[in-house]
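There are 4 protein chains.
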Amino acid sequence: MFSVNPSDPTPIYAQLDRGIRAAIATGQLRTGDRLPTVRQLAVDLKVNANTVAKVYAELERAGVLATQRGVGTTVRDTAEDLVSRTSKAERESTLRLLADKLLADAYAIGLTIDEVIRHLEARRA
Amino acid sequence: MFSVNPSDPTPIYAQLDRGIRAAIATGQLRTGDRLPTVRQLAVDLKVNANTVAKVYAELERAGVLATQRGVGTTVRDTAEDLVSRTSKAERESTLRLLADKLLADAYAIGLTIDEVIRHLEARRA
Amino acid sequence: MFSVNPSDPTPIYAQLDRGIRAAIATGQLRTGDRLPTVRQLAVDLKVNANTVAKVYAELERAGVLATQRGVGTTVRDTAEDLVSRTSKAERESTLRLLADKLLADAYAIGLTIDEVIRHLEARRA
Amino acid sequence: MFSVNPSDPTPIYAQLDRGIRAAIATGQLRTGDRLPTVRQLAVDLKVNANTVAKVYAELERAGVLATQRGVGTTVRDTAEDLVSRTSKAERESTLRLLADKLLADAYAIGLTIDEVIRHLEARRA
DNA sequence: GTGGTCTAGACCACG
DNA sequence: GTGGTCTAGACCACA
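Line by line, the protein sequences give chains C, R, B and Z. Numbered according to this note's numbering, the first sequence terminates at residue 125, and the numbering increases by one at each position without gaps. Numbered according to this note's numbering, the second sequence terminates at residue 125, and the numbering increases by one at each position without gaps. Numbered according to this note's numbering, the third sequence terminates at residue 125, and the numbering increases by one at each position without gaps. Numbered according to this note's numbering, the fourth sequence terminates at residue 125, and the numbering increases by one at each position without gaps.
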């Protein structure tokens with residue numbers, strides 16, 4: 001479900017954080033869904049349990065996940081007022097910047113915009 | 001020309017490395033072009049000069065840049081050279097991480113994957 | 001400057017977090033002041049460096065501290081709009097609740113309100 | 001009568017333990033008074049019954065409460081008994097932690113130490 | 001068995 | 001020498 005590349009210079013916890021947020025963005029994870037346990041995900045990703053726990057804790061502080069001691073971790077009410085906080089024009093200009101960055105990085109390793117789009121379409125829930 | 005985000009958990013050296021490679025890949029920098037001096041770029045990016053120097057040195061070792069005493073640092077590689085050094089597996093893993101980052105950032109401002117795809121499709125033309 | 005009681009059931013990191021916030025509240029720490037290094041404070045408090053680092057990181061995310069990699073940690077612009085976010089009536093009723101809690105806990109170990117006041121006065125910068 | 005804050009990092013059992021001791025110290029509970037049943041209190045506080053049971057058991061071991069089969073749990077100690085079991089050093093260390101918590105919470109809503117002291121002085125009368 | 005806290009200690013990024 | 005990341009592994013709170 002998630003993946004992590006230990007040889008990428010981006011810290012593992014940041015990769016996982018983004019991976020979980022991306023899974024929510026694509027609809028792969030929905031409000032109320034349970035995430036793997038800390039220890040299970042650590043085993044799956046071949047990563048230390050503390051690293052996973054740190055990510056879950058950060059996402060809880062950020063309001064993305066909810067954890068109940070002794071029970072588990074679930075996806076929280078999301079997308080509440082995310083939209084309303086940013087104006088449409090602002091969102092579009094930010095999206096342009098984000099996409100610029102992605103495309104530049106993708107080009108640098110030999111990927112075309114078509115391949116990028118194909119990848120994203122494959123991830124749409 | 002390049003930019004660096006100190007609050008992104010990705011190490012600054014990695015951001016700069018990717019930025020330079022991306023500039024070459026997208027044709028903003030061509031073979032023979034001169035890069036800013038280490039000190040100048042450090043000032044521009046508000047980054048320690050050692051960090052810039054390390055990136056230049058690393059890119060020189062990788063054959064992407066060339067340093068000539070008294071002349072400065074120039075682009076050695078072409079975009080194709082860059083690409084040919086990246087394996088298919090590496091490309092796919094990196095694409096996933098890049099897409100995760102885009103999706104996570106986009107979601108944080110209230111954009112869905114569909115809007116992201118639509119934006120990219122509009123730019124394909 | 002700070003103190004921590006390992007036998008108190010409150011997690012050490014939470015004690016230290018509160019201690020630092022309290023030091024700012026009392027004026028003992030002011031905007032721009034440098035905090036002890038992670039390792040130094042760890043030695044002083046007889047606590048693991050990771051525990052201190054976790055607190056600094058949390059306070060940075062909360063906007064209370066600012067850290068520069070390789071440099072150190074300082075107190076950030078504080079008290080900006082804390083006041084304006086809460087109405088006066090709300091603040092007073094919250095203060096009453098907070099004080100209730102403190103006094104009840106203090107009574108339970110045999111402290112009078114006068115002793116509590118004396119302690120707070122001694123900590124006023 | 002008691003309250004518990006699940007988002008406070010202080011363990012729930014510790015919050016409840018302090019709450020019961022505080023209720024005795026402030027005279028809300030007197031020797032011989034009956035406490036709610038474990039299950040009732042668990043429901044009221046939205047807490048697991050095991051947690052409440054452990055606190056009652058711990059307070060019984062400490063001589064603060066007494067459990068009689070078929071009757072329930074009652075207060076055994078007086079406020080003085082509670083106090084006499086706390087050493088001076090412990091009292092001072094705890095007072096500092098309690099004050100840190102109050103100051104940190106107060107500051108978070110924009111109150112200064114002076115306002116806190118003024119509030120407490122007004123309640124002394 | 002779940003998540004939370006803490007320690008010890010290694011290695012890295014950065015100044 | 002500064003903070004940041006990660007690991008391994010212990011112990012605790014809670015359901």
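Glycine is no exception: its CB is placed at the ideal position from the N, C-alpha and C atoms.
Interface with chain Z (8 Å Cβ-Cβ cutoff): E60/B is excluded. Note on L102/R: 16 or more other CB atoms within 10 angstroms of its CB, so buried under the neighbour-count rule. Taking C-alpha positions only, I24/R is separated from A66/R by approximately 14 Å. For T51/B, the enclosing alpha helix (DSSP H) covers residues A49 to R61. Note on geometry: alpha-carbon atoms of E90/R and E58/R lie some 19 Å from one another. Interface annotation, D77/C: not in contact with chain R, CB-CB separation never under 8 Å.
Note that the segment 103–119 of chain B touches the segment 24–33 of chain Z; at least 3 beta-carbon pairs, one per stretch, sit closer than 8 Å. DSSP places V116/Z in the helix class (H, G or I) of the three-state scheme. Neighbours of P9/R in chain C, taken as residues at a C-beta separation under 9 Å, are given in chain order as T10, P11, Y13, A14 and D17. R96/Z is the residue among L120/Z, R123/Z and R96/Z whose C-alpha sits nearest the C-alpha of S3/B. Of all residues in the segment 107–120 of chain B, those with a C-beta nearer than 8 Å to a C-beta of chain Z are Y107, A108, I109, G110, L111, I113, D114, E115, V116, I117, H119 and L120, reading in chain order. By the neighbour-count criterion, in which a residue is buried when 16 or more other Cβ atoms sit within 10 angstroms of its Cβ, Q40/C is exposed.
Taking a beta-carbon distance threshold of 8 Å, N50/B does not count as an interface residue toward chain Z. Interface criterion not met: the Cβ of D81/Z is under 8 Å from no Cβ in chain B.
Using a CB distance cut-off of 8 Å, K101/R counts as an interface residue toward chain C. If you draw a 10 Å sphere on the C-beta of Q15/B, you find 16 or more other C-beta atoms in it, and that means buried. A42/R and D77/C have their alpha carbons spaced roughly 43 Å apart. Taken in chain order, the complete alpha helix (DSSP H) segments of 4 or more residues contained in the segment 58–117 of chain Z are 79–84 and 88–108. Taking the beta carbon of T94/C as reference, the chain R residues within 9 Å of it are D105, A106, I109 and L111, listed in sequence order. Rounded to the nearest angstrom, the Cβ distance from V47/B to I20/B is 13 Å, too far for a contact under 8 Å.
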